[in-house]
Structure formats: structure tokens, C-alpha cells
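Structure first, commentary second.
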Amino acid sequence: MFEALQENLSSALRTLRGTAVLTESNMREGLRTVHRALLEADVSLPAVKAFMDRVTQQAVGERVLKAIDPSKQLVYIVYQELVNLMGPVDHSMHLGGEVSILMLCGLQGSGKTTTCGKLGGLIKQRGRQPMLVAADLQRPAAIQQLQILGEQLELPVYADLNAQDPVRLCQAAVRQAKALGANVLILDTAGRLHVDRELMEQLTQIDNRVGPDQVYLVVDAMTGQDAVHSAQAFNEALELDGVIMTKLDGDARGGAALSVKHVTGVPIKFIGTGEHLDALEEFHPDRMAGRILGMGDIVTLVEQAQQKFDQEEMAKQQARMLKGQFTLDDFKKMLGQVGKLGPLQKVMGYIPGFGQMQKMMDAMGADAEGDMKRLVGVIDSMTPDERADPTKVVDLSRRRRIAAGAGVQPHEVNDLVKQFDLMSGMMRQMAGMGIRQRMKAMQQLAQDGMNPNAALSKKKIGTGKRLTSTDRAKMKKIRDRELRKKKREAKKR
Numbered sequence: 045m046f047e048a049l050q051e052n053l054s055s056a057l058r059t060l061r062g063t064a065v066l067t068e069s070n071m072r073e074g075l076r077t078v079h080r081a082l083l084e085a086d087v088s089l090p091a092v093k094a095f096m097d098r099v100t101q102q103a104v105g106e107r108v109l110k111a112i113d114p115s116k117q118l119v120y121i122v123y124q125e126l127v128n129l130m131g132p133v134d135h136s137m138h139l140g141g142e143v144s145i146l147m148l149c150g151l152q153g154s155g156k157t158t159t160c161g162k163l164g165g166l167i168k169q170r171g172r173q174p175m176l177v178a179a180d181l182q183r184p185a186a187i188q189q190l191q192i193l194g195e196q197l198e199l200p201v202y203a204d205l206n207a208q209d210p211v212r213l214c215q216a217a218v219r220q221a222k223a224l225g226a227n228v229l230i231l232d233t234a235g236r237l238h239v240d241r242e243l244m245e246q247l248t249q250i251d252n253r254v255g256p257d258q259v260y261l262v263v264d265a266m267t268g269q270d271a272v273h274s275a276q277a278f279n280e281a282l283e284l285d286g287v288i289m290t291k292l293d294g295d296a297r298g299g300a301a302l303s304v305k306h307v308t309g310v311p312i313k314f315i316g317t318g319e320h321l322d323a324l325e326e327f328h329p330d331r332m333a334g335r336i337l338g339m340g341d342i343v344t345l346v347e348q349a350q351q352k353f354d355q356e357e358m359a360k361q362q363a364r365m366l367k368g369q370f371t372l373d374d375f376k377k378m379l380g381q382v383g384k385l386g387p388l389q390k391v392m393g394y395i396p397g398f399g400q401m402q403k404m405m406d407a408m409g410a411d412a413e414g415d416m417k418r419l420v421g422v423i424d425s426m427t428p429d430e431r432a433d434p435t436k437v438v439d440l441s442r443r444r445r446i447a448a449g450a451g452v453q454p455h456e457v458n459d460l461v462k463q464f465d466l467m468s469g470m471m472r473q474m475a476g477m478g479i480r481q482r483m484k485a486m487q488q489l490a491q492d493g494m495n496p497n498a499a500l501s502k503k504k505i506g507t508g509k510r511l512t513s514t515d516r517a518k519m520k521k522i523r524d525r526e527l528r529k530k531k532r533e534a535k536k537r
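Quick note: the sequence shown uses the working numbering, first residue 45, plus one each step.
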């Protein structure tokens, strides 16, 4: 998501960054590139026009042109206006009273029923007792799908296979929720392949006679401007309280996410970021703007780590590291924890500076996921003694045996040992840090051009000393040489 937009915007801003003197003329030329990038990303024309008017008004003023670093000032302006375009957002669902009712609506294929389950799981995590209501009587499989989701999430589901009237079904569900002690009711209403009068009349009746506290429209980000048009139609009929945008982990151009708030006035409250039932996040315009401009989103990554990591296991590892104990078994567990955050490419996109690194790896044909699996295979081929202290124990004959067992080359075992030697010192240094500080330390490591295979300055990292400019220059040369070597090998393949 947003990859093309991010690349085009970054290209436009890099062009301005390389200009010796910024003038109103070349600034306007750079802004025209930004304008084209937004249109190519399928952002609606009214949204693009309003956005560019505000950016241009600020960017060509004397305050920017005479700034110490005008290009950085422009990046900040674009960032702020992206935030303004998509926000502000009130994430409160206004849950209160005996039973709070949330109504989900949308077209068929938007992911509405799955989102109903995801939202129920999210509300359950926040200490409420939700109940799902199968009010979609149009699609035969919708009721069964919601019941399966309810079983997986351990949530009650109200369904009536003989029901003909969705309004009466929803009213009966409210009574059932009170009887069971559920305090949040989530209505999965019927959809259509397109907006029509029959659908809107049915939803309006439910809205009027059941009285939901919040009405959310579920839209598919892959449909581009059709998502914005359907949001307009639903909002005119129901007065929406928010939009839930699904499939933001796909390859959509991102125009709908940037357009929906400006065109409809309705904010995106939640976004679906994957197929798993926990892949529903609050939408934060500032974080999304950071991702679009390649700044990463470290806050979201930290939040996900806190939710998905095994906190007890992390506490045990931290206690061991404080005692100077760090083995390949610990390293393997860490890889397993990182895997819980999703594909490595997605995780790297959250970390500032790592997005470009991932693109560079892709260009060279590198397979980060495959490399991680090979590392685990090498570790599994070692004996407990070898995993405990590979630097001292693993000699040439052992390397050959381990490589044969893991199906890799001996030099890959040697690379892992060197990488572990470097990381063990770094992990001991970071043992007393919080998650956010650890992420920053890893970011700094990447920016300094550290190469695990180079095994340079590992002593300095282990003792917490700062790297000198000479060290960084040497590491950069080694890194560049490795990159050229890998490119040559990729071309040969």
C-alpha cells in the first residue's frame, strides 16, 4: 500500500533537496511532481486541488525559501497537510449504557463480516462483552461465516436461520444481549454488489427503529475512488460516524484513504491490515503520513510488539541478558517473536530508514524471510553446547557438520556465528532499555552502516563506546563492496 505514492513523493522531494538554491520557479516545478504523484495514486481531484493549494501557499512563501534548509521545511509542510487531509480522527466508539449498538454496513466483498469479527475481538480486548448479530439475510454464507468467527473469538453470535426481517432480528438481538449480559452489540447488516434503493431503505429502517449508537461503513481500499463514491452515498442515507477501510495490506494505490475524509467529511476510524482476526488497527493520520513519506511508524510497531510479544518470555530474556547470558536459543526465540508482527517486509516498513533498505534488498534478489528460516535451520542443527557458546565451541569440523544438517554452506554457519558474536554484545548493551529505545538503537545501527559479516567494532558496541567517523567510513566501504558483490551475483543468476 502507498508504495508507488511513496516512491513518487520521495523522488519529487529528493529533486528539490539536490537543488543548490530553491526559488519559486523550481519549487513550483517540484510541487507539480507532487501533484502528479497524488493523481497517479488515485486521490480524488477535489482532494488533490485542496491539498496542493494549501501546500503551494506555504511552500512558495519567503519563510520557506529563506529557511536554513528549505527542502526539509517543504517535507514538513507536505507531512502536515497530509495529516490535515486525513484527519482529525476521534477513535472513541462512545460505548456506554446498558447496551451500546454498533452498526456495520457496506457493499458485498468489502470484508464487512470479517471486520465485524475483528471489531468484536478488539472490543473484547478492551474489557467489554460484545455480541455479534448475523443481520445479513441476503448472502447465504454470511450467517455461517459470522458463527465461525464467533467460535474462533469466543464471542456469542445471535442468528436466526428462519428470519425474514432484519429489523425484527436486530430488535430481538438487543433483548437477547440484555438477557446474556452483553454490553456491546455489533450488527452485520446486508450488502449489495452496488448501492441501490432497496439496500438503503433496509439500512435506514434498522437505523431508525434499532437506534445504533455508531454507524460504520466498511470499504475496500482496493476499489479506489469507488470506495469514496460509496461512502458518499451511504453517508447521505445514514449519516455515518466513521469508515473502516479494509485490505490496506494489499497493493492498492492508496487514493481512497487520502480522499475519503476530504470528500465525505467522515473520518477513517479503523484499518484492516491483514487476514488474521487481530489485524485491525486504529487509523492515525500522522502515522500514515509518516509511512507515505518514508519516515516509518515506530509508534505503531511498538504498540504491536507490546500486544503480540510474549511478555513473560521477554522478561526472562531480559533477566538473562542482564546477567550477561545470551545464547543462540535466545536468538531463535527473538526471531520467533519478530515473526508474530507479520512479514518481515511489513515490519521493516515501520522502522525509519529500513524501508529503503528493504527495497535495496529486493533489487538484489535478497529473501529476508528465507534468510530467517535458514538461520533457524542452522540453529536447530546445533547441539545445546554449540548454541550456548558458538564463538568458542563451533570449529571447522563442527561448521561442516552443522551446515550438512541444515542444508546450507559452511560459510553461512560462520556468518551466523559472527552475527551472533556482534549481537550478543549489542543485546547486553540494550538489556536495560525499553522497546522504543531498543528500536532506536537498531535504527542507529543500520544508519551507521553496520555489517554483521564485517565483524568490525563489535568490541566498541559491546562496551557502549561510540563509533568514530573513521569506523563509519570503513564500514560504509565494506557495505558498498558487499552490495556490489551481491548485485553481480544476482545478475549472473
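Beta carbons: idealized from backbone N, C-alpha and C, even for Gly.
Euclidean distance between Cα positions of residue i and residue j
| i | j | result |
| --- | --- | --- |
| K93 | Q453 | 56 Å |
| R445 | P428 | 14 Å |
| D415 | G164 | 36 Å |
| A447 | S425 | 8 Å |
| K222 | L460 | 58 Å |
| G318 | L324 | 8 Å |
| L237 | Q173 | 32 Å |
| R528 | Q191 | 54 Å |
| D322 | P311 | 21 Å |
| T67 | Y120 | 18 Å |
| R443 | H320 | 39 Å |
| G286 | N279 | 9 Å |
| L247 | F370 | 58 Å |
| S55 | G309 | 30 Å |
| A178 | T233 | 7 Å |
| V304 | E283 | 14 Å |
| G543 | H135 | What the structure shows of the chain is the stretch from 45 to 537, and residue 543 is not part of that stretch, so it cannot be assessed. |
| Q491 | P210 | At Q491 the pLDDT is 42, less than 50, meaning the model places this residue with poor confidence; the figure from the coordinates comes in the next sentence. Between Q491 and P210, the C-alpha separation is close to 57 Å. |
| Q196 | G299 | 33 Å |
Neighbour-count burial assignment, residue i, 16 or more Cβ in a 10 Å radius
| i | result |
| --- | --- |
| K156 | buried |
| L213 | buried |
| A185 | exposed |
| N206 | exposed |
| Q101 | exposed |
| K509 | Low confidence applies to K509: its pLDDT is 41, below 50, so where it sits in the model is not reliable, and the reading given next is rough at best. Per the 10 Å Cβ criterion, exposed. |
| N252 | exposed |
| S468 | buried |
| S69 | exposed |
| P90 | exposed |
| H306 | buried |
| T159 | buried |
| S144 | buried |
| D97 | exposed |
| K162 | buried |
| G74 | buried |
| L440 | exposed |
Cβ separation of residue i and residue j, assumed to be a contact under 8 Å, to the nearest whole Å
| i | j | result |
| --- | --- | --- |
| L176 | I230 | 5 Å |
| V259 | M147 | 5 Å |
| V263 | G150 | 6 Å |
| P329 | V133 | 6 Å |
| A81 | L49 | 6 Å |
| L53 | L337 | 6 Å |
| D86 | Q269 | 6 Å |
| M71 | V104 | 6 Å |
| G255 | D180 | Not quite, the Cβ-Cβ distance comes to about 19 Å (not below 8 Å), so this is no contact. |
| E142 | N227 | 7 Å |
Sequence-distant residues of the same chain with beta carbon closer than 7 Å to residue i, five excluded per side
| i | result |
| --- | --- |
| H51 | The sequence given here has Glu at residue 51, not His. Correct list: empty, nothing qualifies. |
| V420 | K376 and L379 |
| K291 | G155, D264, A265, M266 and G316 |
| G449 | S425 |
| A281 | M244, L247 and T248 |
Cut-off 6 Å between Cβ atoms - residues of its own chain near residue i, not counting five sequence neighbours on either side
| i | result |
| --- | --- |
| G194 | L176 and V201 |
| E430 | V437 and V438 |
| A333 | Y123, L126 and V127 |
| D257 | H138, S144 and I145 |
| R241 | none |
| I288 | T159, Y260, V262 and F314 |
| I187 | A178 and A203 |
| L166 | L324 |
8 Å CB neighbourhood of residue i in its chain, flanking five on each side removed
| i | result |
| --- | --- |
| G225 | Q173 |
| R418 | A450, V452 and E456 |
| I423 | L372, D373, F375, K376, R431 and L460 |
| A217 | M175, V177, A179, Y202, L229 and L231 |
Cutoff 9 Å: residue i Cβ touching any chain B Cβ
| i | result |
| --- | --- |
| V438 | In the structure shown, chain B cannot be found, because there is only a single protein chain. |
Taking contact to mean 3 or more Cβ pairs, one atom from each stretch, closer than 8 Å, check whether the stretch 272 to 288 and the stretch 146 to 156 are in contact.
When C-beta atoms of the stretch 272 to 288 are compared with those of the stretch 146 to 156, three or more pairs fall below 8 Å, so the two segments count as touching.
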